[in-house]
Each structure stands twice: as C-alpha cells, then as structure tokens.
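Residue numbers for the sequence shown follow my numbering, so the first one is -5 and each next one is one higher.
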Amino acid sequence: TLNDSATCTNIKNERCKASSKQVLEESTGDSISYSNSEFGVQNGLYRGESNTVECAPTDISPLDSIERTVTTTSLERFTFPKTNTRAFQLGWLDRFQWLEYSVSRDAAYCFVCRQFDVVGSKELAFKVNGFSNWKRALEKNAGFVKHEQAVTHQSAMISWHERKTRIANNNGISELISNTILQKRQFYMKTMIEILIFLITNEVAIRGSWDIENHKEHGVFRNLFEFEISHNKELRKCAEFMPKNATYLSPDIQNELIWTIAKITRQQIVDDVLSADIPYFTILVDGTKDRTNKEIVSMAVRYVKNGQPVESLLCSETITTFDAETNAELILKTLKKGDHGGIQRIIQDKLGKVILYVHCFNHRLHLVIIAVIENIEMVRIFFDNIKLIYSFFHRAKIQSLYKGSTILNLVVTRWAGHVGATNVVYENYDEIIETLPQVKSHTSYNFDADDIALSTGILSAIKKHEFVFMLEFMKTFLNTISPADKILQSRDVGFREAVPVSLISVSRSLICRPGLSEKSIEIRSAYFRAIDDFTSEMKRRFHDNTDILIAISDANDLCYEKLKALQKINLKLPPKEELLVAKTYMERKKAAFEEERKKNNNDGFSTRFKLLEELYHKRDVLPEVYRFMATVDTFGSSTSV
C-alpha cells in the first residue's frame, strides 16, 4: 500500500534511548566493533571511493571468522578453471596461510586483510574485487609476494595473531581493562551518544568550521560535549582516563556512530512492523527539491501496533531522477525484500501482489494546474512574466522606487504560489506600471543599460492586451479553485469528502465559460482550452479508486454494504453478525468520544483512533472486526497526507 505524501514522526525518543544503549553495548574499551558490511561496503560501493566495486563473494570465510574456511582439504577435488592456459594452484593455499580462493569468482582473496581492514588502505584486489592474474601470482613485484610484503597486510597479520592469542587465553578486550576503567569509558561513550541523538532528533548541524591556527573544530557537537564535561564531574573524571588517541570525537567516529544509531533504529522499526497487530503496512513517500534542484525523497512506514496507528521515518535520500522506476527501486531497496504506468504497476509486477496506490490529493490538484500552465503557450508566457516581475522588483534599487505590496514568488512545488503572485500583481498593477518607466528617467540611482532594457521589456509585455486579459482570467480562475486547496490540506477531511471537492472544483471552473466578450481568436482559444484542459485533467487524476477510498472513510460506520468495495484489494470482510454486534457497541462509545473531542477541541482523527483502541481491548470478543479495522487504519485516511 502506497501513499505519495508523508506526515511522519521523527525518530522515536524511546527508540533513541534503546539505540544509545545498544550502541554502547557494541563499544567497549579502546575499540568499537562494526561489521564490514555496515561501514565498509554500501550497496556495492566502498565509502570514500568514487569508483564502483563488487562486493566480496559469499563462498569464502565470513567476517569475524577466527580461521580460514577455504583450505586445501575443501578444494582438493575441485578442478580450477583456466584463463589463457593458467589457473589457480591448490598448493598456494599451504604456502600462503592467509590466502583464500573463491570458486564463484575464480579469484584469490586475503583472509586477514578482509578481517582486519586497516584504516586508510585503498587496496581492493585482495579484499573486494579479488586477484585473478595467475601469470603474475608469484612474481616478486606483483601478486601474492607483493601483497605479503605490504605494510597494511603485515599489520593485519599482527592483529590476527593477537586475536587468536587472546581467544586461546580467554583474554578479550573487556578482560584486559579493569572494570572501573571500562565503566568510565562506557559512561563517556554513553554521554557522547546521547548528545549525538539529541542533535540528530533536533536537526542541528553536528560539525562546524575548523580553526587552522589552533587546530580545533568549532562544531556544536564538540562544543556541547566540552560544555557537558565542564559541568559534569563524573564525565570530567571519565574524560581524564580516555587515551589521547582514542577520544572518539573525530568526524569519522561521529559518522560511524550515527550510522549505527540509524541501523539500530531502522531494525527496531522493522521489528515493530513484523510484530504489528496485522500483517499489513503502508509506505508513505514524499519528495521535495533542495537548493541545488536535487530531489530529496523521504520514506516512512505506517502500521498498527497495540491498537494505535504508528508512523515512523525509514530514510531520507537524494535521487537524481524523480520517476516511477527510481521511486519503486528506492522503496523496494529500503524495504529489503501513479497509475498503470507508474510506481503502483512496477511494484505490483515485482512483488506479484495487488497494491493500492493513493496519490496525495493536494499534489494531484497541483499537477492539474501545472499541466494547464505548461500546455498552453499564452498561459505559460503569462507566468514567465510574473516570475520576471518578481525577480526585477526584488532588486534593492527597484524596491526603493516601488510603492506597492511585496510581489510574491511562484513556488514550483505548490500551485498556491501562483494564486498569491497573481493576486499581488493584479492588485498592484498600476503601481508596477508607474515604477517601470522611472528606471529610465531616474538619474540618481545610476541604473545601467541592462536594468533599463529589462524594465522597458517588462513594461511592454505587461501592457499588452494578452497579459491584461490573462491577469484578469487567471485571478478569477485560480481563486475559484483555491478553496479546494485549503479543504484538501485539512486533516479533518477524509477521502469521502475529497471526491466531491474535486467534482465541485470542476463545476466551478465551468462557471467561467459563458459571457466571454473577447473578440481575439487567439485569446478565446487559450481561454476555452485552459478550462477544458483543467476539466479533463481533474477527471483523469481524480477518478481512480474512489469507491475504495470512500469505503475506507466510511469504515467506522461498520456497515457491510459500504465496505464491499474493499474486497477489490483482497481485504476479507468480517461476518455480518460480528459487524452488527460491534456497531451497536461502538455507537455508544462513539457518542462519548465525540463529546470528549469537542470539549478538548481535537480533530476528528482522535475519535477514530480511540475507536480502534477500544476495539483492540475487545479483540478477543470481536477478532475479525478488530483485524479488519486495524487493516483499514493502516491506510492514511486523510487527504493531507
């Protein structure tokens, strides 16, 4: 189930606390242990590397292994494939105790370098891609010999032998450090993690500028941590025990801690979804452009847990293309597991399941207006001139001459900006006309030739009959539809109310048709085409799944006939007898909840959620009704989300 716009909760406080505890459990003493799959390889890319590399194969020793699993014994009956008459030799595994062979890749890997990856090492041949140049395998300045002599390899060998010695003697890191020091370091780490979580949940930048002269960072995280040390005696004592080369304050450690917190939080969300009251969830997706015009897509999941709908943020990623295929791949990738040519069809084909796709109603209205603007040249030119007026009149020297109201910008992602900008230009048309000639005649401001040419061009454009007509028409047309925009943004408006709102918008637009006295064929054509395009786009974008959406809005009525449409998406309706019992019981509860809602001035969704919670407590008596209502409430039933 998909929804194209999201109102999502941020990382839950309780999840953050749990993350803090779990991150702390993963870090002891002088080191923090992270798996290579978390912080080494990300979707086939090594962090910090610009080139794409393959992930390591699965038929060699897994990470965190103590000894190699690939030996001469395991491969003694295997016939090694030849490349240019050369092949891997079984005896190499005995000669080089660190060497492993991948059958699936026909490549050699270094066991110790994969297990003990040295920070700063950029060699990928023996760790990720694999070595397969058998001709040069035993050359002195290449292949196995050269790798064995590398400093990073020798360092990894030392770490391997130390690890085996500690395990043999039962001396882990925690045993090598006294309990007192270990507790101090854990408290130190716990404080640091809690500060990170506080900054993350409040969306505060962690790092700041770097003081070259004093070799010190002026970031919020470091400053807040130092402030905490100065006011917390226990933390100050703990900081004194920390080695100078292991303060955990570097940007790399901060990033790894954040990745770990995010990983743990996502896992807790997944665990919640898997243990939800029903095996259904809704994916909420919303996208917006940043300052560089790149699309930032946020994704959340909605499910019902303990009788309460829960919305949790899963990820926020930047994508280069905002099309159906990219969105579908992002959704499927995040889950790990609008219409016939869009996201719904792609995901249905890949999962082999019926998916209900609900596009944000308000965004649909925006797309309708944008379609009208882009398809009609006269309308497009009109709004281009509006943008030009905004840009020109926001110059400091022009503002000193202009006496009218502030001209608004056109917001690309919200069509309501077109209404506001059109209204301001309409109401201040005379002031704009008076200001533009002054650019040429006013000598005290020293306007250059470009300013004069631009002002002359704008003045000529907005004096034309086409612009004046479009200004009058667009003001009337957009303001006629504007109430629908406000209604669809209200959280109190359900799908049942949204469908007639869209139909009313169409009928109101038709009011503009009669009574046109304009004689210009070009203007008349643009006028009627704008209304016709709007009408057809509204019908096209608001026709799908209306019966299902109305049934979702009417679910609280517990009327069997009204719920039949939900069978189209394979939802099993409760027995009529159980529905009747539940309806009688819930009508009494609903009256009490409505009275409480009006008293506390809450929105209509508080009543709906309380009814679901009440059914949750009666789920043993009304199991099918609760299961059905929880499934329905998995959908976001407001048009504003």
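Note that beta-carbon positions come from the ideal geometry of N, C-alpha and C, so glycine has one too.
Please report how far the alpha carbon of residue i lies from the alpha carbon of residue j, in whole angstroms.
{"i": "N123", "j": "C107", "result": "13 Å"}
{"i": "A559", "j": "K288", "result": "39 Å"}
{"i": "T429", "j": "N422", "result": "11 Å"}
{"i": "L218", "j": "S203", "result": "15 Å"}
{"i": "E142", "j": "G213", "result": "42 Å"}
{"i": "F471", "j": "E425", "result": "23 Å"}
{"i": "K434", "j": "S244", "result": "58 Å"}
{"i": "E117", "j": "Y103", "result": "12 Å"}
{"i": "H412", "j": "N239", "result": "57 Å"}
{"i": "T77", "j": "K129", "result": "9 Å"}
{"i": "L636", "j": "I475", "result": "Because the chain spans -5 through 635 in this model, residue 636 falls outside it and cannot be assessed."}
{"i": "P569", "j": "S530", "result": "41 Å"}
{"i": "G335", "j": "R534", "result": "Because G335 carries a pLDDT of 43, less than 50, the predicted location of this residue cannot be relied on, and no value is offered for it."}
{"i": "S68", "j": "W86", "result": "14 Å"}
{"i": "Y420", "j": "E466", "result": "7 Å"}
{"i": "G398", "j": "D246", "result": "53 Å"}
{"i": "S149", "j": "F110", "result": "8 Å"}
{"i": "A233", "j": "H147", "result": "33 Å"}
{"i": "Y439", "j": "Q393", "result": "12 Å"}
{"i": "F105", "j": "E311", "result": "34 Å"}
{"i": "D541", "j": "L552", "result": "16 Å"}
{"i": "R582", "j": "E222", "result": "54 Å"}
{"i": "R621", "j": "K612", "result": "11 Å"}
{"i": "D333", "j": "R358", "result": "Below a pLDDT of 50, predicted positions are generally treated as unreliable, and D333, at 41, falls in that range; no measurement from the model is reported."}
{"i": "K184", "j": "T282", "result": "35 Å"}
{"i": "N226", "j": "E220", "result": "10 Å"}
Cutting at 7 Å between CB atoms, please list the residues of its own chain near residue i, excluding the five before and the five after it.
{"i": "N417", "result": "K469"}
{"i": "S44", "result": "Its pLDDT being 32, under 50, S44 is placed unreliably in this model, and the coordinates cannot settle the point."}
{"i": "M623", "result": "A549, L606 and L609"}
{"i": "E572", "result": "L616, E618 and V619"}
{"i": "S385", "result": "none"}
{"i": "G451", "result": "none"}
{"i": "S519", "result": "none"}
{"i": "A0", "result": "Below a pLDDT of 50, predicted positions are generally treated as unreliable, and A0, at 35, falls in that range; no measurement from the model is reported."}
{"i": "A136", "result": "R130"}
{"i": "P51", "result": "S96, S98 and R99"}
{"i": "A545", "result": "K556, L557, A559 and L560"}
Return the chain-ordered list of same chain residues with a C-beta closer than 8 Å to the C-beta of residue i, the five sequence neighbours on each side being excluded.
{"i": "T400", "result": "V418"}
{"i": "F275", "result": "T(-5), V267, V295, R296, Y297 and T628"}
{"i": "T65", "result": "L87"}
{"i": "I161", "result": "I60"}
{"i": "A524", "result": "V366, I370, V373, F467 and F471"}
{"i": "I446", "result": "V433 and K434"}
{"i": "R80", "result": "W128 and K129"}
With residue i as the anchor, note down where its alpha helix (DSSP H) starts and where it stops.
{"i": "Y384", "result": "E371 to F387"}
{"i": "Y521", "result": "I515 to R535"}
{"i": "K76", "result": "Premise fails: K76 is in no alpha helix (DSSP H) and is neither H nor E."}
{"i": "C107", "result": "F105 to Q109"}
{"i": "K391", "result": "A390 to L395"}
{"i": "K434", "result": "Q432 to S435"}
{"i": "V626", "result": "P617 to V626"}
{"i": "R89", "result": "W86 to R89"}
{"i": "G398", "result": "Careful: G398 lies outside any alpha helix (DSSP H) and carries neither H nor E."}
{"i": "E425", "result": "Y423 to T429"}
{"i": "A455", "result": "A443 to K457"}
{"i": "A549", "result": "Note, A549: premise wrong, no alpha helix (DSSP H); not H, not E."}
{"i": "T67", "result": "T66 to L69"}
Is the CB-CB distance between residue i and residue j below 8 Å?
{"i": "V362", "j": "F522", "result": "no"}
{"i": "I517", "j": "F461", "result": "no"}
{"i": "S96", "j": "D58", "result": "no"}
{"i": "K299", "j": "D271", "result": "yes"}
{"i": "S55", "j": "E94", "result": "yes"}
{"i": "L567", "j": "Y579", "result": "no"}
{"i": "F90", "j": "F82", "result": "no"}
{"i": "F192", "j": "E228", "result": "no"}
What first and last residue would you give for the beta strand (DSSP E) that runs through residue i?
{"i": "Q302", "result": "Q302 to I313"}
{"i": "L636", "result": "Residue 636 is absent from the structure shown; the chain starts at -5 and stops at 635."}
{"i": "E133", "result": "Segment: none, E133 is in no beta strand (DSSP E) and carries neither H nor E."}
{"i": "K158", "result": "First-last for K158: V145 to A162, but that is the alpha helix (DSSP H), not the beta strand (DSSP E)."}
Return yes when at least one heavy atom of the ligand HEM lies under 7 Å from the C-beta of residue i, else no.
{"i": "T241", "result": "This structure lacks the ligand HEM; in fact it carries no ligand of any kind."}
Just to confirm my understanding: we take residue i, look at its own chain, exclude 5 residues before and 5 after, and list those with CB closer than 6 Å. What are they?
{"i": "F660", "result": "Because the chain here runs from -5 to 635, residue 660 falls outside it and cannot be looked at."}
{"i": "R157", "result": "none"}
Ranges of the alpha helix (DSSP H) found wholly within the segment 198 to 275, counting only runs of at least 4: 214 to 225, 227 to 235 and 245 to 268
Completely contained beta strand (DSSP E) runs for the segment 279 to 303, where each covers 3 or more residues: 289 to 299
Alpha helix (DSSP H) segments (min. 4 residues) lying fully within the segment 564 to 595: 570 to 594
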